[in-house]
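J.: Handing you this structure, nothing more for now.
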Amino acid sequence: MESHSINGERQKPQTKALWKVFWILLVITAFEFGVAFGLDADTFKWTKILIFIIMTIVKAYYIVGTFMHLKDEVKTMIWSIILPALFVVWLLVALIIEGGYIGLVRG
Amino acid sequence: MAVAKTSLNPEHLTWKGGTQPLKVGYGKIMMWIFLLSDTFTFSALLISYGLIRFGSPSFKDVVPEMTHKTFELSYKYWPVPEKVFESVPFLHGVSLPLVFVGIMTFILIFSSVTMVLAVEAGHRRDKADVEKWMLWTILGGLTFLGSQAWEWSHFIHGTEHGLVLADGSKVFGANLAVNEYGPVPFADLFFFITGFHGTHVLSGVILNIIIFYNTANGVYEKRGHYEMVEKVGLYWHFVDLVWVFVFTFFYLV
Numbered sequence: 379m380e381s382h383s384i385n386g387e388r389q390k391p392q393t394k395a396l397w398k399v400f401w402i403l404l405v406i407t408a409f410e411f412g413v414a415f416g417l418d419a420d421t422f423k424w425t426k427i428l429i430f431i432i433m434t435i436v437k438a439y440y441i442v443g444t445f446m447h448l449k450d451e452v453k454t455m456i457w458s459i460i461l462p463a464l465f466v467v468w469l470l471v472a473l474i475i476e477g478g479y480i481g482l483v484r485g
Numbered sequence: 449m450a451v452a453k454t455s456l457n458p459e460h461l462t463w464k465g466g467t468q469p470l471k472v473g474y475g476k477i478m479m480w481i482f483l484l485s486d487t488f489t490f491s492a493l494l495i496s497y498g499l500i501r502f503g504s505p506s507f508k509d510v511v512p513e514m515t516h517k518t519f520e521l522s523y524k525y526w527p528v529p530e531k532v533f534e535s536v537p538f539l540h541g542v543s544l545p546l547v548f549v550g551i552m553t554f555i556l557i558f559s560s561v562t563m564v565l566a567v568e569a570g571h572r573r574d575k576a577d578v579e580k581w582m583l584w585t586i587l588g589g590l591t592f593l594g595s596q597a598w599e600w601s602h603f604i605h606g607t608e609h610g611l612v613l614a615d616g617s618k619v620f621g622a623n624l625a626v627n628e629y630g631p632v633p634f635a636d637l638f639f640f641i642t643g644f645h646g647t648h649v650l651s652g653v654i655l656n657i658i659i660f661y662n663t664a665n666g667v668y669e670k671r672g673h674y675e676m677v678e679k680v681g682l683y684w685h686f687v688d689l690v691w692v693f694v695f696t697f698f699y700l701v
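As they're listed, the protein sequences go chains A and B.
With our numbering applied, the first sequence corresponds to residues 379 to 485, in that order.
With our numbering applied, the second sequence corresponds to residues 449 to 701, in that order.
Here it is in structure tokens:
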């Protein structure tokens, strides 16, 4: 990753991995559209939601890992970012369940 | 050992104490910490959306015999996103659910790639390449902002048929107090979440323009490294990342 030129010569771009991630992100988004309109929303409601959430995490992995170069950082750095974010997932699940109960009380 | 390591490092990667925690430059780690705090803010908005949505009746609760095919918008229950966002510029009256927001997603992913290509060119200290890819990134950002402006304008002005409210009055489009798509919080959350994201895109475009200006003036060439491109790149990718989540939780689910 660190490839500073010393003598100022023009180096060849190393962009193959970056374009690969671009195509992966594009294919995933296209796949999400396929699922959104291909699967019946009444029968497969939770299957669809599950697929969307997994695909979102896959996309986030590629964006953070490759585009933001988090994969190349030291382990402590990676965990300093990932761990606090994981606690947010807990809050999300807790408050969505809580939302269901609020709906029951209101309803 | 730390001293020996420091002498091998370029100056911008050492902190004032001389060592380098986590092997990251000072500015870069501060950007990561800022982005983490920004993650909490966006999460708070999206979690509020989840809480309010699950706390509001769905159409199945109000009209049990209704399916997604026969779905109609009402103020009594939460709308199905593909019935709200189904318009595309220049194609008036044609129902194309989620197509426009798909195009916006593509634009943002593309501008993320051009940004990372600018960062890569910075590693090679290739001034012309950094300039080229920064320009593409700025263009992508501006296109996204323009698309969002259209999306907002359409959302605010609404459809021709509108929606009849409980008191018999008709409402067209949306504002913070009333809207034709569903319960009041639906439009409020749309404005807050996409608005807060749009503000981030706007500041990202401004930062990108500053980076382009400095690159063109040879500021980073003189400094000997292009780490500034990396730092702003981190911010720009984060904005793209947030959109990936907004796209899923607001438009798809």
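For every residue, glycine included, the Cβ atom is placed at its ideal position computed from N, Cα and C.
Check whether the region 659-673 of chain B and the region 399-410 of chain A are in contact - that is, three or more C-beta pairs closer than 8 Å.
T.: no
J.: According to DSSP, which residues form a beta bridge with ASN623/B?
T.: Paired residues: none, contrary to the question.
J.: Name the chain B residues that come within less than 8 Å of GLY477/A, Cβ to Cβ?
T.: GLY498, LEU499, ILE500, ARG501, PHE502, GLY503
J.: In three-state DSSP terms, what is VAL612/B?
T.: strand
J.: At the 9 Å Cβ level, is LYS437/A part of the contact set with chain B, yes or no?
T.: yes
J.: Give me, in chain order, the residues of the same chain whose beta-carbon lies closer than 8 Å to that of GLY681/B; leave out the 5 immediate sequence neighbours on both sides.
T.: MET563, VAL564, ALA566, VAL567
J.: Cβ closer than 7 Å: which chain B residues qualify as neighbours of THR434/A?
T.: Ordered by position in chain B, the residues that pass the 7 Å Cβ test against THR434/A are VAL692, PHE693, THR696.
J.: Quick one: is TYR440/A buried, meaning 16 or more other Cβ sit within 10 Å of its Cβ, or exposed?
T.: buried
J.: Please report the straight-line C-alpha distance between PHE638/B and VAL511/B, rounded to a whole angstrom.
T.: The alpha-carbon atoms of PHE638/B and VAL511/B are separated by roughly 24 Å.
J.: Identify the contact partners of ILE402/A in chain B, using a Cβ-Cβ distance below 7 Å as the criterion.
T.: Neighbours of ILE402/A on chain B: none; closest Cβ ~10 Å, over 7 Å.
J.: Quick one: is PHE430/A buried, meaning 16 or more other Cβ sit within 10 Å of its Cβ, or exposed?
T.: buried
J.: Taking the alpha-carbon positions, what's the ASP615/B to ASP418/A distance?
T.: Each residue's Cα considered, the two are about 35 Å apart.
J.: Should GLU599/B go down as buried or exposed, given a rule of 16 or more other Cβ atoms within 10 Å for buried?
T.: buried
J.: According to DSSP, is LYS679/B helix, strand or coil?
T.: helix
J.: Can PHE554/B and LEU404/A be called in contact, C-beta distance under 9 Å?
T.: In this structure, LEU404/A lies closer than 9 Å to PHE554/B by Cβ.
J.: Can you give me the start and stop residues for the alpha helix (DSSP H) that ARG572/B sits inside?
T.: Counting along the chain, ARG572/B falls outside any alpha helix (DSSP H), and DSSP gives it neither H nor E.
J.: Sorted by chain position, which residues of the same chain lie with C-beta nearer than 7 Å to LEU613/B's C-beta, five sequence neighbours on each side aside?
T.: TYR523, VAL619
J.: How would you list, in chain order, the residues of chain A whose beta-carbon sits under 8 Å from the beta-carbon of TRP432/B?
T.: Because residue 432/B is not part of the residues shown, which for chain B are 449 to 701, the question remains open.
J.: Quick check: the region 443-452 of chain A against the region 465-481 of chain B, are there 3 or more CB pairs under 8 Å?
T.: Under the Cβ criterion (8 Å, minimum of three pairs), the region 443-452 of chain A counts as touching the region 465-481 of chain B.
J.: Which stretch, first to last residue, makes up the alpha helix (DSSP H) that contains HIS645/B?
T.: 632-664
J.: Just to confirm before moving on: does the CB-CB distance between PHE415/A and ILE557/B stay below 9 Å?
T.: no
J.: What residues from chain A crowd round LEU700/B, counting only those whose CB sits closer than 7 Å?
T.: GLU410, ALA414, PHE430
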